[in-house]
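Engineer: Okay, handing you the structure first.
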Ligand SMILES: *Cc1c(COP(=O)(O)O)cnc(C)c1O
């Protein structure tokens, strides 16, 4: 077996130790005589797995009892609808910040349900910066403000949290668990699992409890946060295997020393990659320095004709999925929690070598 370095934006790398444990337990889970995938979601094993996953997730992010943690399905993209359907209450308007492709998708979907006010946009600068907070055109009658703390495609990350008078809603799909945050600053946080949590198919929402129970009468039962909250996320069959895998990832994160420890490693990984890109004349990253993502590092080559060769040779050297998103072009290295520092070192070595031959 030889594992390669996987820089995929999502579904993304998982810790090898987690995959090893899952493999060892795959066919016969802890002598139960069957696989987790074959168990009733009401079985004591699965209930215990779900409870431990939630407890460890709460511990990692220091989530208080004022918040419900919901294990959902449908990906972050379903949350684009769930958020207005659950949070508008008797209001009609919602504020959105537009900092990239994922913000745009959230805005487009919300327009089906709400009067969307885009408070600020960096589209004019091709999403390479974050609009200064004092330029935001906030609506005091908005039901909530939605933003995307890390734009996975553009590689743009908020290193600060907006302070607003309405509930703050964050699509943290590609930044959750990468560093400590203060959950108390948020009304709702949601994330698809396939970047920093586990396999695709699981979506996690952290919902301040006073925001439950305000869903629109048109809200489908399955999209109503209250349904999941009332049923321990088991109103219907939840993604049991994804919850198990996520639980292993949470345990792995705790074993690494928790989010403060993983942040130190993530900063070191990102810093050395950006530093190398900035000191090279051959590679470039377009994002303003203060808003560069810790998780997703897009970069271009001085000569785009060499993109194909770069991708072929990097793959040959054991580095997968470095192709940039079609809307940005060039390359993108996603360096989530499970991408080891050695992968970043290997990438930099490869980039140096490629540049010297170009
Ligand atoms: C990947 C991603 C999404 C889409 O997630 P799905 O689970 O595929 O719906 C949405 N927002 C952000 C920030 C993402 O990184």
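Residue numbers (our numbering): 27 to 384.
A virtual CB, placed ideally from N, CA and C, is assigned to each residue, including glycine.
Computed from a predicted structure; not experimentally measured.
Leaving out five residues before and five after residue 148 in sequence, what residues of the same chain have Cβ atoms less than 8 Å from its Cβ?
Structural biologist: Only 124, 125, 126, 154, 155, 156, 157, 182 meet the Cβ criterion.
Engineer: DSSP state of residue 269, grouped into three classes?
Structural biologist: Reduced to three states, the DSSP call for residue 269 is helix.
Engineer: Give the straight-line distance between the Cα atoms of residue 456 and residue 327, rounded to the nearest whole angstrom.
Structural biologist: With the chain covering only 27 through 384, there is no way to say anything about residue 456.
Engineer: Between residue 357 and chain D, is there a C-beta pair that is closer than 8 Å?
Structural biologist: Structure shown: chain D not included; a single protein chain is present.
Engineer: Is the CB-CB distance between residue 120 and residue 170 below 8 Å?
Structural biologist: Cβ distance < 8 Å, so residue 120 and residue 170 count as in contact.
Engineer: Can you tell me whether DSSP reads residue 301 as helix, strand or coil?
Structural biologist: Of the three classes helix, strand and coil, the one that applies to residue 301 here is helix, per DSSP.
Engineer: Exposed or buried, residue 315, counting other C-beta atoms within 10 Å across all chains shown (16 or more means buried)?
Structural biologist: Exposed, because fewer than 16 other Cβ atoms sit within 10 Å of the Cβ of residue 315.
Engineer: Is residue 141 close to ligand 1? I mean its beta-carbon at under 7 Å from any heavy atom of the ligand.
Structural biologist: Residue 141: no, Cβ never under 7 Å from ligand 1.
Engineer: Relative to the C-alpha of residue 63, which residue among 323, 271, 342 is closest?
Structural biologist: Ranking the options by Cα distance to residue 63, first place goes to 271.
Engineer: Identify whether residue 155 lies in helix, strand or coil by the three-state DSSP scheme.
Structural biologist: Residue state, collapsed to three classes: coil.
Engineer: Quick check: the Cα distance between residue 293 and residue 320, rounded to an integer number of angstroms?
Structural biologist: Taking the straight line joining both Cα atoms gives about 7 Å.
Engineer: Taking the continuous beta strand (DSSP E) assigned at residue 194, which residues delimit it?
Structural biologist: Taken as a continuous stretch (DSSP letters only), the beta strand (DSSP E) holding residue 194 covers 194-197.
Engineer: From the DSSP output, read off the bridge partner residues of residue 147.
Structural biologist: According to DSSP, which records beta bridges pairwise, residue 147 is partnered with 124.
Engineer: Which runs of the beta strand (DSSP E), 3 residues or longer, sit entirely within the region 184-230?
Structural biologist: As far as the region 184-230 is concerned, its whole beta strand (DSSP E) runs of at least 3 residues are 194-197, 214-218.
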